[in-house]
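Its first residue numbered 1482, the sequence shown is counted upward by one per residue in our numbering. Positions of the beta carbon are idealized from the N, C-alpha and C atoms, including for glycine. Since we're looking at a predicted model, the values are computed, not measured. All remarks here apply to the structure that follows.
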Amino acid sequence: MRLFAGFVVVLLSGGLAGCRPRYEELATFSAERKLLQVVVEMPAGTNHARRYDPTTHDFVPVRRAGLDLVVEFLPCPGNLGFVPGTRLGAASGPLPALVLTETQPAGTVLEVVPVGLLTLDDNGTLLPIVLAVPARPGQQILPGIVTWQALTSRYPSAQEVVRQWFLHQGRPGEIRIVSWKDEKAAEQQVEAAMN
């Protein structure tokens, strides 16, 4: 009986490993509510950068110079992830997004409302990042915020917190802020990046 039980445990654990979600195959918009989706890679409140690896279907550490990237600054001010079904170019990954809400585990799929678009210059490469809030009221920490104007007028320091966090992603001077735009620009960026 012990041998059989051990076989069942091995069989189940092996079977479950093969059932990992394929986040890269998710739709850009949720089927039911037609809302933009974001897959969380790096939960709010951590300094350990992670990304989704579509070949292993797992969340792995971001590596720089052979070492795991640990942001030497305050923890991530939101849940950093990506918009599924998007691509920023042939060699690039999906469109990044920062969801301003409480921490969510890696792999959480959030329905969101885009409120802004941040564009970074990362060593000469332009990188747009959608800024978003959860669509579900129970997940919102900034109630009533659905536009860039509302975010910057009701929470003016939020922009500075996000700015400082992204500027500390690399070595000094490696990353700079190119622009901040509103929710319409974010929506246009999503449409342009859709596969």
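| Query | Result |
| --- | --- |
| Residue span of the beta strand (DSSP E) that contains Thr1600, given as start and end | 1590 to 1603 |
| Contiguous beta strand (DSSP E) assignments of at least 3 residues, all confined to the stretch 1537 to 1589 | 1539 to 1542, 1560 to 1564, 1576 to 1580 |
| Whole-number beta carbon distance between Pro1615 and Thr1582, since they are thought to touch under 8 Å | 5 Å |
| The stretch 1603 to 1613 contacting the stretch 1534 to 1546, beta-carbon criterion three pairs below 8 Å | no |
| Under 8 Å between C-beta atoms of Leu1632 and Val1593 | no |
| Beta-carbon proximity of Ala1587 to Pro1558, cut-off 8 Å | no |
| Complete beta strand (DSSP E) runs within the stretch 1626 to 1667 (minimum length 3 residues, chain order) | 1656 to 1663 |
| DSSP beta-bridge partners of Ile1610 | Leu1599 |
| Local Cβ density within 10 Å of Pro1637, reported as buried at 16 or more and exposed below that | exposed |
| Euclidean distance between Cα positions of Pro1502 and Asp1534 | 11 Å |
| Proximity below 8 Å, CB of Val1590 to CB of Leu1507 | yes |
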